[in-house]
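*Asks:* Chains as they are written, first to last, in my numbering: chain A, 1 to 227; chain B, 228 to 454. The beta-carbon is built from N, C-alpha and C at its ideal position, and this holds for glycine as well.
There are 2 protein chains.
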Amino acid sequence: MNKVLLIDDDVELVGMLKEYLEQEGFDPTVAYDGESGAAHALSDTYDLILLDVMMPKMNGIDALRAIRAEKNTPVLMLTAKGEDADRIVGLELGADDYVPKPCTPREIVARVRAILRRTQPADNAQPVQITVGALTLWPEQRRVEWSGNVLELTSTEFNLLEVLVRHAGRVVSKSDLSLQGLGRPLARFDRSIDVHLSSIRQKIDAYANGRHYIQTVYRMGYQLVRE
Amino acid sequence: MNKVLLIDDDVELVGMLKEYLEQEGFDPTVAYDGESGAAHALSDTYDLILLDVMMPKMNGIDALRAIRAEKNTPVLMLTAKGEDADRIVGLELGADDYVPKPCTPREIVARVRAILRRTQPADNAQPVQITVGALTLWPEQRRVEWSGNVLELTSTEFNLLEVLVRHAGRVVSKSDLSLQGLGRPLARFDRSIDVHLSSIRQKIDAYANGRHYIQTVYRMGYQLVRE
DNA sequence: TTCTGCTGTAAACCTCTGTTAAATAGAGGT
DNA sequence: ACCTCTATTTAACAGAGGTTTACAGCAGAA
Chain A
1 MNKVLLIDDD
11 VELVGMLKEY
21 LEQEGFDPTV
31 AYDGESGAAH
41 ALSDTYDLIL
51 LDVMMPKMNG
61 IDALRAIRAE
71 KNTPVLMLTA
81 KGEDADRIVG
91 LELGADDYVP
101 KPCTPREIVA
111 RVRAILRRTQ
121 PADNAQPVQI
131 TVGALTLWPE
141 QRRVEWSGNV
151 LELTSTEFNL
161 LEVLVRHAGR
171 VVSKSDLSLQ
181 GLGRPLARFD
191 RSIDVHLSSI
201 RQKIDAYANG
211 RHYIQTVYRM
221 GYQLVRE
Chain B
228 MNKVLLIDDD
238 VELVGMLKEY
248 LEQEGFDPTV
258 AYDGESGAAH
268 ALSDTYDLIL
278 LDVMMPKMNG
288 IDALRAIRAE
298 KNTPVLMLTA
308 KGEDADRIVG
318 LELGADDYVP
328 KPCTPREIVA
338 RVRAILRRTQ
348 PADNAQPVQI
358 TVGALTLWPE
368 QRRVEWSGNV
378 LELTSTEFNL
388 LEVLVRHAGR
398 VVSKSDLSLQ
408 GLGRPLARFD
418 RSIDVHLSSI
428 RQKIDAYANG
438 RHYIQTVYRM
448 GYQLVRE
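#1: Would you identify the three-state DSSP class for GLY261/B, choosing helix, strand or coil?
#2: Name, please, each residue of chain A whose Cβ falls closer than 7 Å to the Cβ of PRO354/B.
#3: With 8 Å as the limit, tell me which residues of the region 383 to 410 of chain B have their beta carbon closer than that to any beta carbon of chain A; keep them in chain order.
#4: Residues in the same chain with beta-carbon distance under 6 Å from ALA307/B, minus the five sequence neighbours each way, listed in chain order, please.
#5: Since ARG142/A meets chain B, which of its residues come closer than 8 Å, beta carbon to beta carbon?
#6: For THR358/B, which residues from the same chain have a beta carbon less than 8 Å from its beta carbon, with the 5 sequence-adjacent residues on both sides left out?
#7: Closest to GLY437/B by CA distance: which of ALA268/B, GLN429/B, GLU372/B is it?
#8: Would you say LEU154/A faces chain B, with C-beta separation under 8 Å as the test?
#9: For LEU5/A and ASP47/A, I'd like the C-alpha separation in whole angstroms.
#10: Would you call the region 370 to 388 of chain B in contact with the region 407 to 427 of chain B, where contact means no fewer than 3 C-beta pairs closer than 8 Å?
#11: Near ARG65/A, which residues of its chain fall below 7 Å by C-beta distance, leaving aside the five closest residues on each side in sequence?
#12: Jot down the residue ranges of each uninterrupted alpha helix (DSSP H) in the region 179 to 226 of chain A, minimum 4 residues, whole runs only, in chain order.
#13: Taking 8 Å as the threshold (C-beta atoms), are GLN353/B and ALA114/A in contact?
#14: Could you check the C-alpha separation between PRO105/A and ARG68/A for me, to the nearest Å?
#15: For THR225/B, count neighbouring C-beta atoms within 10 Å of its own C-beta (all shown protein chains included) and say buried if the count is 16 or more, exposed if not.
#16: Measuring CA to CA, which of GLU249/B, ALA268/B, ILE234/B is closest to ASN286/B?
#17: In terms of alpha-carbon separation, which member of LYS57/A, ILE61/A, ALA95/A, ALA63/A lies closest to PRO74/A?
#18: Leaving out five residues before and five after ARG184/A in sequence, what residues of the same chain have Cβ atoms less than 8 Å from its Cβ?
#19: What whole-angstrom Cβ distance do GLN467/B and TYR434/B have, given they're in contact under 8 Å?
#20: With distances taken between CB atoms, is the gap from ILE431/B to LYS401/B smaller than 8 Å?
#21: Go through its chain and collect everything with a Cβ distance to SER374/B's Cβ below 6 Å, but skip five positions before and after it.
#22: From the DSSP output, read off the bridge partner residues of LEU13/A.
#23: What residue range is occupied by the uninterrupted beta strand (DSSP E) comprising GLU70/A?
#24: If the criterion is Cβ atoms closer than 8 Å, does the pair GLU246/B and LEU269/B meet it?
#25: Can you list, in chain order, the residues of its chain whose CB lies under 6 Å from that of ALA230/B, leaving out five sequence neighbours each side?
#26: Classify GLN356/B: buried if its beta carbon has 16 or more other beta carbons within 10 angstroms, exposed otherwise.
#27: CA-CA distance, VAL390/B and VAL399/B?
#28: For LEU161/A, list the residues DSSP reports as bridge partners.
#29: Which value, in whole angstroms, describes the spacing of the CA atoms of ILE288/B and LEU76/A?
#30: Relative to the C-alpha of VAL326/B, which residue among ILE276/B, GLY264/B, HIS267/B is closest?
#31: What would DSSP say about GLU145/A, mapped onto helix, strand or coil?
#32: Does DSSP put VAL112/A in a helix, in a strand, or in coil?
#33: Does DSSP put LEU277/B in a helix, a strand or coil?
#34: What's the call for PRO283/B, buried or exposed, on a 16-neighbour Cβ count within 10 Å?
#35: Per DSSP, PRO327/B is paired with what?
#36: Looking at the structure shown, is ASP403/B part of a helix, part of a strand, or coil, going by DSSP?
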């Protein structure tokens, strides 16, 4: 359930929108001016903030500025018609999107969904970080560390190690390694996998003392041992 | 699904653009001259019309005039190089925007989205701003910042970086980069992508200290690292 | 043990990428 | 038309990365 902070002084709109958001499976919190809105935004963690531009006490621009000074929560601005200048200011300050008012709750929720889709990857998304023993691997950064030390791998070496890490503790056949790591089926006398594994091992050995973390399983493939 | 009418006699561009529009979730209809284009526009209801200026039978200006006589459908004009006068006329006649040719499908779709955002704020949700790590990109304004510093990119460099940003954390093949960023399929010995990437990297390196944010994945493509 | 097929690794070889510079193509101005 | 400025593509070469080769060492079977 996504927490949404709704900052707007239009009581009627807020009431309607809050109801609509609840109905659509969100968990909305409400603030009626920029000051208390910003306070809420900073004191709690929200998945998204809906922020009106025109408001008493502290307008949306200043509220956004206050929020952005400390947090990076996605913000969707609600702008009244013809506030074209504000639109640019809003964008420069780092609002993620804007909806021109007047608009229906349906339109707003569509935007909210779009932003959340971007900011929080769906469930089927892969983990950001995979750790096996002393080895930690970040697929989206193509980065590997062995107990804090960065391993300087080439891209193919990284691909192969990634496959092994994802199947840690199980034997991975050369055929699978070739398919997933090199992107082609294993040919009859192809020794590439062996050669790459050899160099990966050498790079790991620089930090691992003695133990062999990548084991060869005769005629079966390779396996990354998990502690 | 937004219905888009595409009126242009450039068969190659139309083919590519149609495909691209479908891919991006639009429902394109095609006409190859002004006369049949205007007929389509008047006989059916579209959310937007893409209209080339230079065409056989009836040019874009006259087609626009014919359409505007009866309908108020948003129109995006495609103008060839140096048709400066035509631009103004086009806008005076009530075109909503124009794109100077040559341009990539990507650029056109960005404009289409911008217009639809104004005319029907709901469905075509597409955030105004995309942030990946220290990098923030505004597709509609064709503007990029690296932690507050504006990156002065050329048009092609921007296109390529935009593609990478939209696929942040995943590898994008040179073939896709060429198609989406340069608007043409990758040829056998084409090194353009590499050269552009090199200069984008240099511009980023001015602000990034040491780390490589655009990684090369040997034989696969490039990947923008995601924090 | 001895034979056979598999694996480890270094080195040769070849392909791909990074980068700079030169050539080409456009756009704007005179 | 011609020149100028800028963006993009092509060309060229150095260097990094990947594959193949070659040979030594190993594992398992007879």
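*Replies:* This is what the structure gives:
#1: Judged by DSSP in its simplified three-state form, GLY261/B adopts helix.
#2: Simply ASP96, ASP97, ALA114, ILE115, ARG118.
#3: Those residues of the region 383 to 410 of chain B placed with their C-beta closer than 8 Å to a C-beta in chain A are ALA395, GLY396, ARG397, ordered along the chain.
#4: Cβ neighbours of ALA307/B beyond the five flanking positions: MET281, LYS328.
#5: What ARG142/A touches in chain B: GLN442, VAL444, GLN450, VAL452.
#6: For THR358/B, same chain residues with a beta-carbon under 8 Å away, outside a window of 5 residues either side, are LEU364 in chain order.
#7: That would be GLN429/B, whose Cα lies nearest to the Cα of GLY437/B.
#8: For clarity, residue 154/A is Thr in the given sequence; the question names Leu instead. With 8 Å as the cut-off, THR154/A counts as an interface residue toward chain B.
#9: The C-alpha of LEU5/A lies about 8 Å from the C-alpha of ASP47/A.
#10: Enough Cβ pairs lie closer than 8 Å, so yes.
#11: So the qualifying residues of the chain are LEU93.
#12: Complete alpha helix (DSSP H) runs here, min 4: 192 to 205.
#13: Yes, the pair counts as a contact, with Cβ atoms nearer than the cut-off.
#14: PRO105/A and ARG68/A have their alpha carbons spaced roughly 25 Å apart.
#15: Nothing about residue 225/B can be reported from this structure: the residues present for chain B run from 228 to 454 only.
#16: When each option's Cα is compared against that of ASN286/B, the closest is ILE234/B.
#17: Of the candidates LYS57/A, ILE61/A, ALA95/A, ALA63/A, the one whose C-alpha sits nearest the C-alpha of PRO74/A is ALA95/A.
#18: Sequence-distant Cβ neighbours of ARG184/A in its own chain, meaning closer than 8 Å and more than five residues away, are SER178.
#19: Here chain B has residues from 228 to 454 only, and residue 467/B is not among them.
#20: No, they are not a contact pair.
#21: ALA361.
#22: Residue pairing from DSSP leaves LEU13/A without any beta-bridge partner.
#23: Element bounds for GLU70/A: n/a, residue is neither H nor E.
#24: Going by C-beta atoms, GLU246/B is not nearer than 8 Å to LEU269/B.
#25: For the record, residue 230/B in the displayed sequence is Lys; it is not Ala. Taken in chain order, the residues that qualify are ASP254, TYR273, ASP274.
#26: Buried: at least 16 other Cβ atoms inside 10 Å.
#27: Answer to the nearest angstrom: the Cα atoms are 8 Å apart.
#28: LEU161/A is not bridged to any residue.
#29: As the crow flies, the alpha-carbon of ILE288/B is around 38 Å from that of LEU76/A.
#30: When C-alpha distances from VAL326/B are compared across ILE276/B, GLY264/B, HIS267/B, the shortest belongs to ILE276/B.
#31: For GLU145/A, the three-state secondary structure derived from DSSP is strand.
#32: In the structure shown, VAL112/A falls within a helical segment according to DSSP collapsed to helix, strand and coil.
#33: It is a strand residue.
#34: Exposed: under 16 other Cβ atoms inside 10 Å.
#35: Paired residues: THR306/B.
#36: The three-state reading of DSSP puts ASP403/B in helix, counting H, G and I together.
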